[in-house]
Amino acid sequence: MQDLATPLAAWYATAARDLPWRRPGFGAWGTLVSEFMLQQTPVARVIPHLQAWLSRWPAPADLAADAPAEAVRQWANLGYPRRALWLHRAAVEIRDRHDGVVPRDVETLLSLTGIGDYTARAVAVFAYGDRHPVVDTNTRRVLARAVEGRAQSGPPSRRDLDAMEALLPADVATSTVVNAAAMELGATVCTARAPRCDACPLASACAWRAAGYPVTEDRRRRQARYEGSDRHARGAVLRTLRDAAPRPVALAEVIAQWPDPAQRDRAIDSLIADGLAEASEELLRLPR
DNA sequence: TAAACGTGGGA
DNA sequence: TTCCCAAGTTT
């Protein structure tokens with residue numbers, strides 16, 4: 001395989017965006033919070049919320065000392081509010097089991113709530129400077145095109161980690177840059193819809209380009225329609241709780257909120273099952 | 001492995 | 001208007 005790491009690192013030195021979590025001394029907690037927020041939410045939407053979150057809770061123990069409801073409320077409209085709950089739980093775990101210090105070890109990070117293969121390695125690599133393969137959706141697309149010669153990546157797999165590992169240089173500091181560079185390239189140049197191959201540092205090495213940009217099999221499933229979905233109902237109910245917090249909301253008020261009674265009940269039940277809501281008497285509220 | 005899980009912006 | 005896409009994780 002050609003050396004992709006060298007051109008990737010060189011390109012990153014000149015093209016990297018100035019993002020908050022890339023500032024020197026941003027800290028492991030800041031990195032961890034940013035990675036939670038960036039799970040499926042675009043960078044531009046995350047930035048203002050990240051600043052507010054870290055101002056309010058500068059360390060894991062600060063968040064752990066507050067109620068989960070406050071985390072869900074501060075999460076606002078970032079989407080997938082379970083992440084707020086998970087981040088709060090992770091903060092409690094960090095306080096109780098790790099002396100309030102964000103772990104450095106990947107296995108330990110993986111044991112925390114809401115942290116999976118991507119986030120664990122992102123923290124170990126970007127916050128602590130260790131050498132591990134970090135693979136997100138951007139990196140998977142870059143690898144699919146440059147290495148495999150495909151138009152888009154297949155379903156996520158543990159093999160993605162091996163593919164990235166094979167590309168990393170031995171030098172620890174450089175490996176960190178290459179991880180970031182692969183993500184950055186996928187985010188800004190090797191994009192899903194309209195890749196800018198004319199500006200790509202890997203153009204001369206890219207297998208997809210060399211093959212003439214073939215249309216390859218796309219096994220991805222279409223995202224379900226959101227309008228009128230169960231997710232939409234959940235979102236509407238939770239928004240009501242969020243907007244009212246810390247005041248609980250009368251069940252009757254929630255019921256008036258969504259027209260389909262069966263769907264509304266499913267939403268309420270599933271929110272309770274997920275720990276995002278609590279019912280008491282005829283009231284519904286965020287978790288305490 | 002696949003389905004579930006929010007929300008908003010751009011094409 | 002509709003569809004696609006977004007630094008994933010959990011069950």
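Start counting the first sequence at 1; every next residue gets the next number (full-length UniProt numbering).
The beta carbon of each residue, even a glycine, is placed where N, CA and C say it ideally should be.
Every value quoted in this text rests on a predicted model; they were computed, and no experiment measured them.
Q. Would the beta-carbon of residue 31 fall within 8 Å of that of residue 123?
A. yes
Q) Can you tell me whether DSSP reads residue 107 as helix, strand or coil? A) helix
**Q.** Under 8 Å between C-beta atoms of residue 254 and residue 268
**A.** yes
Q.
As an exercise, report each continuous alpha helix (DSSP H) stretch of at least 4 residues that is fully enclosed by the UniProt domain "HhH-GPD" (37–188), in chain order.
A. 43–56, 60–64, 68–75, 82–97, 106–110, 117–122, 137–146, 159–167 and 172–188
**Q.** Nearest-angstrom Cα separation, counted from residue 216 out to residue 231
**A.** 31 Å
Q | Inter-stretch contact at 8 Å, needing at least 3 Cβ pairs: the stretch 81–99 / the stretch 54–72 | A | yes
**Q.** Cβ neighbour criterion (16 or more within 10 Å) applied to residue 246
**A.** exposed
Q. Can you give the Cα-Cα distance for residue 111 and residue 100, rounded to whole angstroms?
A. 15 Å
Q) In chain order, which continuous runs of the beta strand (DSSP E) of length 3 or greater are located wholly inside the stretch 209–282? A) 278–280
Q) Between which two residues does the alpha helix (DSSP H) containing residue 287 stretch? A) No alpha helix (DSSP H) holds residue 287; DSSP gives it neither H nor E.
Q.
Any contact between the stretch 174–183 and the stretch 150–161? By contact I mean 3 or more CB pairs, one from each, below 8 Å.
A. no
Q.
Counting C-beta neighbours from all protein chains within 10 Å, is the total for residue 256 16 or more, i.e. buried, or is it exposed?
A. exposed
Q. Should residue 23 go down as buried or exposed, given a rule of 16 or more other Cβ atoms within 10 Å for buried?
A. exposed
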